[in-house]
Amino acid sequence: MAGKPKLYYSKGRGRMESIRWLLAAAGVEFEEQFIETREDLQKLQKDGSLLFQQVPLVEIDGMKMVQSRAILSYIAAKYNLYGKDLKERAWIDMYVEGTTDLMGMIMILPFQPADQKENNLALITERAKTRYFPVYEKALKDHGHDYLVGNKLSWADIHVLEAILMTEECKPDILSTFPQLQAFKGRISNVPTIKKFLQPGSQRKPPPDEKYVAAVKKIFNF
Amino acid sequence: MSGKPRLTYVNGRGRMECIRWLLAAAGVEFDEIFLERREEYEKLIKDGSLLFQQLPLVEIDGMKMVQSRAILSYIAATHNLYGKDLKERARIDMYVEGIADLMQMILMFPFSPPEAKEKNLDSLKERATNRYFPVFEKVLKEHGQDFLVGNKFSWADVALIEAILAVEEKIPAVLSAFPQLQAFKKRISNVPTIKKFLQPGSPRKPPPDERYIETVMRVFKL
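Just so you know, the protein sequences line up as chains P and W, in that order. Heads up, the first sequence is in full-length UniProt numbering, so the first residue is 1 and it goes up one at a time. Heads up, the second sequence is in full-length UniProt numbering, so the first residue is 1 and it goes up one at a time.
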């Protein structure tokens with residue numbers, strides 16, 4: 001049996017996108033079932049598929065996994081993207097927690113009141129430039145390796161690339177003062193599995209538009 | 001040199017308490033530094049101790065670790081509290097992530113405006129009794145074992161007992177419909193390291209009071 005992982009979510013980025021990135025980077029093909037109506041979500045809740053009644057849901061290796069961090073950690077470990085020992089793992093975890101915070105701010109942007117948009121964008125830019133990107137810039141500068149941790153491609157590299165591209169969508173020149181990250185972006189984008197994911201026709205989802213925002217509000221009732 | 005982990009935070013629960021619980025459960029002695037003034041926090045930022053300029057900070061095994069999830073994962077893994085294989089680890093991760101969402105409600109509680117407190121208490125009760133506690137009640141009932149995962153004491157058990165006690169502080173009868181959890185609470189409270197942590201004089205911190213809230217507002221400039 002093929003046993004491809006199966007992803008259940010709405011047809012957009014949200015909390016599933018980092019999982020799509022990681023599976024794609026690991027060269028793992030996956031299927032997707034899109035939740036389009038409130039009824040679709042309620043069906044999943046009623047049939048006991050969702051441990052805490054929430055999505056993302058990823059069916060993988062016989063498990064119905066929920067909680068995006070749990071899912072990401074499992075995939076990273078399974079596909080050797082989690083460093084060679086516990087200390088490398090600790091560094092990868094610290095780095096991805098930082099990018100998770102940054103991407104979290106961008107994720108909720110379209111769901112916030114329009115009159116706060118400018119302020120929120122300014123905060124995202126400020127955080128990216130002064131709190132998060134300097135950390136990765138320094139790490140790369142200090143060790144001079146191609147990858148963030150352990151001189152080997154890991155979940156940290158994939159997550160940071162995702163965060164860079166997402167932040168650039170908000171502010172195109174965000175990397176102007178980060179030469180290491182510019183080179184990093186070029187390098188990691190050329191990793192064959194990632195290059196493939198960045199091409200049209202892949203399962204990468206586009207930035208949220210008004211239609212997506214409306215659909216999500218309806219499905220999740222907020 | 002003691003080689004004991006050293007925790008830096010304010011003198012209260014916040015985002016450090018789950019780390020204190022896990023270290024204590026693992027039988028690990030630790031030192032603590034409590035910040036009282038904003039200047040102390042700014043000094044930590046200036047001297048580069050805080051990767052993302054945030055606390056908690058745990059100095060452990062030669063690393064200055066930040067991001068509570070990264071810290072907790074490291075402690076669990078280095079002290080055999082993370083299951084025997086990747087699938088048990090996945091289960092533990094799912095459970096602790098759900099519990100973290102519940103604990104987040106409690107974390108924010110003291111900082112919510114007085115007029116929102118009753119509503120927030122109702123939300124907490126609803127989530128605890130309808131979303132989170134039923135999951136763990138069912139898990140324990142189905143396998144009939146003493147511990148949540150793999151018939152062995154793990155991080156998941158520590159996280160759950162911390163959450164049960166924290167919710168009970170706000171809603172004393174919250175376990176009334178959960179006999180498995182009542183028995184679990186008793187059992188886990190009697191694990192020797194946990195029993196010790198629950199006694200007066202341990203590093204366990206009391207519920208947030210006015211003084212704690214003031215300290216947090218002052219040090220983190222909220």
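Here a beta-carbon is modelled for each residue, glycine too, at the ideal position from N, C-alpha and C. Note that the coordinates shown come from a computational prediction; the quantities given were computed from them, not determined experimentally.
DSSP three-state call for residue i: helix, strand or coil?
{"i": "Leu-22/P", "result": "helix"}
{"i": "Tyr-9/P", "result": "strand"}
{"i": "Tyr-74/W", "result": "helix"}
{"i": "Gln-67/W", "result": "coil"}
{"i": "Leu-51/P", "result": "coil"}
{"i": "Gln-203/P", "result": "coil"}
{"i": "Gln-199/W", "result": "coil"}
{"i": "Lys-28/P", "result": "Here residue 28/P is Val; the residue named in the question, Lys, does not match the sequence. Three-state DSSP puts Val-28/P in coil, outside helix and strand."}
{"i": "Val-10/W", "result": "coil"}
{"i": "residue 225/P", "result": "Lying outside 1 to 222, the shown extent of chain P, residue 225/P is not represented and no answer is given."}
{"i": "Gln-112/P", "result": "coil"}
{"i": "Asp-209/W", "result": "coil"}
{"i": "Met-1/P", "result": "With a pLDDT of only 45 at Met-1/P, under the threshold of 50, the placement of this residue in the model should not be trusted, and no figure is reported."}
{"i": "Lys-221/W", "result": "coil"}
{"i": "Phe-34/W", "result": "strand"}
{"i": "Met-65/P", "result": "strand"}
{"i": "Val-191/W", "result": "coil"}
Do you know how far the Cα of residue j is from the Cα of residue i?
{"i": "Gln-45/P", "j": "Val-96/P", "result": "29 angstroms"}
{"i": "Leu-153/P", "j": "Lys-84/P", "result": "11 angstroms"}
{"i": "Met-119/P", "j": "Leu-109/P", "result": "Here residue 119/P is Asn; the residue named in the question, Met, does not match the sequence. Cα to Cα, Asn-119/P sits roughly 10 angstroms from Leu-109/P."}
{"i": "Ile-99/W", "j": "Thr-100/P", "result": "19 angstroms"}
{"i": "Phe-147/W", "j": "Pro-110/W", "result": "32 angstroms"}
{"i": "Pro-134/W", "j": "Pro-203/W", "result": "30 angstroms"}
{"i": "Leu-7/W", "j": "Glu-126/P", "result": "28 angstroms"}
{"i": "Gln-54/W", "j": "Leu-44/W", "result": "9 angstroms"}
{"i": "Val-28/W", "j": "Pro-207/P", "result": "46 angstroms"}
{"i": "Val-167/W", "j": "Arg-13/W", "result": "14 angstroms"}
{"i": "Leu-22/W", "j": "Val-96/W", "result": "12 angstroms"}
{"i": "Asp-157/P", "j": "Glu-214/W", "result": "39 angstroms"}
{"i": "Ala-159/W", "j": "Asp-173/P", "result": "42 angstroms"}
{"i": "Met-1/P", "j": "Lys-205/P", "result": "Since pLDDT at Met-1/P reaches only 45, below the 50 mark, its modelled position is unreliable, and no value is offered."}
{"i": "Tyr-212/P", "j": "Met-63/P", "result": "29 angstroms"}
{"i": "Ala-215/P", "j": "Tyr-8/P", "result": "15 angstroms"}
{"i": "Leu-121/P", "j": "Cys-170/P", "result": "7 angstroms"}
Comparing the C-beta of residue i with each C-beta of chain W, is any distance below 9 angstroms?
{"i": "Leu-175/P", "result": "no"}
{"i": "Ala-156/P", "result": "no"}
{"i": "Gly-98/P", "result": "yes"}
{"i": "Arg-15/P", "result": "no"}
Quick one: is residue i near chain P, going by C-beta distance under 9 angstroms?
{"i": "Phe-52/W", "result": "yes"}
{"i": "Val-158/W", "result": "no"}
{"i": "residue 223/W", "result": "One cannot answer for residue 223/W here, as it falls past the ends of chain W, which runs 1 to 222."}
{"i": "Tyr-132/W", "result": "yes"}
{"i": "Tyr-9/W", "result": "no"}
{"i": "Gly-3/W", "result": "no"}
{"i": "Ser-73/W", "result": "yes"}
{"i": "Met-16/W", "result": "no"}
{"i": "Val-66/W", "result": "yes"}
Is any heavy atom of the ligand HEM found at a distance shorter than 8 angstroms from the C-beta of residue i?
{"i": "Tyr-82/P", "result": "In the structure shown, the ligand HEM is absent, as is every other ligand, since no ligand is present at all."}
Compare the C-beta of residue i against all C-beta atoms of chain A and say whether one is closer than 9 angstroms.
{"i": "Ala-70/P", "result": "Annotation note: the requested chain A is absent from the structure, which comprises protein chains P and W."}
> Between the segment 73 to 90 of chain W and the segment 34 to 44 of chain P, do at least 3 Cβ pairs fall closer than 8 angstroms?
Replying inline: no
> Listed in chain order, which residues of the segment 76 to 87 of chain W have Cβ atoms closer than 8 angstroms to some Cβ of chain P?
Replying inline: Ala-77, Thr-78, Leu-86 and Lys-87
>> By the 9 angstroms beta-carbon criterion, what residues does the segment 72 to 95 of chain P contribute toward chain W?
In response: For the segment 72 to 95 of chain P, which is checked against every Cβ of chain W, the residues closer than 9 angstroms are Ser-73, Tyr-74, Ala-77, Lys-78, Leu-86, Lys-87, Arg-89, Ala-90, Trp-91, Ile-92, Asp-93, Met-94 and Tyr-95.
> Which residues, taken in chain order from the segment 129 to 149 of chain P, show a beta carbon closer than 9 angstroms to some beta carbon of chain W?
Replying inline: Thr-130, Arg-131, Tyr-132 and Val-135
> Any residues in the segment 48 to 61 of chain P with a beta carbon nearer than 8 angstroms to a beta carbon of chain W? Which ones, in chain order?
Replying inline: Listed in sequence order: Leu-51, Phe-52, Gln-53 and Asp-61.
> Okay, do the segment 57 to 64 of chain W and the segment 129 to 143 of chain W touch, 3+ Cβ pairs below 8 angstroms being the bar?
Replying inline: no
> Of the residues that make up the segment 26 to 54 of chain W, which ones have a beta carbon closer than 9 angstroms to any beta carbon in chain P?
Replying inline: Leu-51, Phe-52, Gln-53 and Gln-54
>> Residues of the segment 107 to 141 of chain W in Cβ contact with chain P at a cutoff of 9 angstroms, in chain order, please.
In response: Contact residues of the segment 107 to 141 of chain W toward chain P are Asn-130, Arg-131, Tyr-132 and Val-135 (C-beta to C-beta distance below 9 angstroms).
> Does the segment 171 to 188 of chain P come close enough to the segment 139 to 150 of chain P that 3 or more CB-CB pairs lie under 8 angstroms?
Replying inline: yes
>> Closer than 8 angstroms is the cut-off here; do at least three beta carbon pairs connect the segment 151 to 165 of chain W with the segment 179 to 199 of chain W?
In response: yes
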